[in-house]
Amino acid sequence: CSRIWSRCWSLVDISTICLNCSTSALKSAATAPIFSAVIFFQVFYLLESRSLTRSLFASGVRDNPVVLLGVAAILGLQALFVYAPFMHRVFGTAPLAPLDLGRAALVAAVILPAMVIEKALTRRRARRRASEAVPSALTR
């Protein structure tokens, strides 16, 4: 999972570089969506990495209320960053339209299918190793 995470993180870094420009108006407009995408990325990664073999959709989200509480706190702080006027003054950002926030979440959601594929490959490798171990145990 860490290989996929680092590759996806690199995509976020590239988008940050591409959107970071010298004009302060564009920079303030780009900071909040990029930061939001990073936060959503981390939330999706947290939810998906709770199991090493089962996907988020197979394991569900209600089995660990502490994680849900943490996600709610992170998203609450994210909303404060995006919409509170004093935060805009502190960080030099602009508020996001709901569509822009949705786009940030959609960009960050790329981690979900990537991790599902990696978990499927991990399960497949484990089954292959187990089936290879069975014949060698029978020959002893």
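Here the sequence shown is numbered in my numbering, starting from 127 and rising by one per residue.
Where is the CB? At the ideal position from N, CA and C, for every residue including glycine.
Here the structure is a predicted model, which is why all the values come from computation and not from measurement.
Count the other C-beta atoms from every protein chain shown that fall within 10 angstroms of the C-beta of residue i, then say buried if there are 16 or more, exposed otherwise.
i    : result
S162 : buried
A184 : exposed
T219 : buried
S148 : Caution applies to S148, whose pLDDT of 49 falls short of 50 and renders its modelled position unreliable; the value that the coordinates give is listed next. Exposed is the call here.
E267 : This structure gives no information on residue 267, because the portion of the chain shown stretches from 127 to 266.
F217 : exposed
V169 : buried
A256 : exposed
A246 : exposed
A230 : buried
Do residue j and residue i count as a contact pair if the criterion is CB distance below 9 Å?
i    : j    : result
I160 : I200 : no
T179 : A252 : yes
P221 : A158 : yes
L227 : G196 : no
R215 : V193 : no
Residues in its own chain within less than 6 Å of residue i by CB, not counting five upstream and five downstream?
i    : result
R254 : none
Enumerate in chain order the residues of its own chain whose CB-to-CB distance from residue i is below 8 Å, with the five nearest sequence positions on each side excluded.
i    : result
M213 : L206, F207, T219
A248 : Ala is not the amino acid found at residue 248; the sequence shown has Thr there. Cβ within range, chain order: L178, T179.
Among residues of its own chain, excluding the 5 on either side of residue i, which ones have a beta-carbon nearer than 7 Å to its beta-carbon?
i    : result
N190 : R176
A198 : none
Is residue i near the ligand FAD, going by C-beta to nearest heavy atom under 8 Å?
i    : result
G202 : As presented, the structure is devoid of all ligands, the ligand FAD included, so that no description of it is given.
Segment contact flag, the region 207-215 with the region 237-246, C-beta cutoff 8 Å, min 3 pairs: Three or more beta-carbon pairs separated by less than 8 Å are not found between the region 207-215 and the region 237-246, which leaves the two stretches without contact.
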